[in-house]
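Structure, as structure tokens:
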Amino acid sequence: MKLPEVKRVMSLRLTVLWNGMEYSVSGCTLKYDRKGGNWYYLLELLDKRTQHSVMVVPMEDVTIAEKSTETAHI
Numbered sequence: 084m085k086l087p088e089v090k091r092v093m094s095l096r097l098t099v100l101w102n103g104m105e106y107s108v109s110g111c112t113l114k115y116d117r118k119g120g121n122w123y124y125l126l127e128l129l130d131k132r133t134q135h136s137v138m139v140v141p142m143e144d145v146t147i148a149e150k151s152t153e154t155a156h157i
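The opening position of the sequence shown corresponds to residue 84 in the working numbering, with each subsequent residue numbered one higher.
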């Protein structure tokens with residue numbers, strides 16, 4: 084997932100997938116790796132089923148759920 088997609092997903096509250104599970108994006112963090120000298124983004128994902136589990140994962144590992152993109156055009 085790219086940063087413009089993250090902004091869209093957060094503003095429209097779309098469902099995303101990570102490791103085959105459905106989540107909503109509750110935050111996005113920019114981090115700096117001092118050893119490698121690289122910037123990278125992490126997404127904070129909230130479990131859609133329980134609303135209690137939060138995962139912090141690399142932005143590249145997350146995809147938009149297909150059913151979310153269908154409902155976003157309505």
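The beta-carbon is built from N, C-alpha and C at its ideal position, and this holds for glycine as well.
Would you mind stating whether residue 127 and residue 107 have Cβ atoms separated by less than 7 Å? no
Please give the ranges of any beta strand (DSSP E) in the region 121-145, keeping only runs that are unbroken, at least 3 residues long and fully inside the region. 121-130, 137-141
Of all the options 149, 142, 130, which has the alpha carbon lying nearest to the alpha carbon of residue 89? 142
Based on the DSSP secondary-structure assignment, which residues constitute the bridge partners of residue 100? 105, 146
Which residues does DSSP list as the beta-bridge partners of residue 86? Its beta-bridge partners do not exist; DSSP assigns none.
Under 7 Å between the Cβ atoms of residue 125 and residue 133? no
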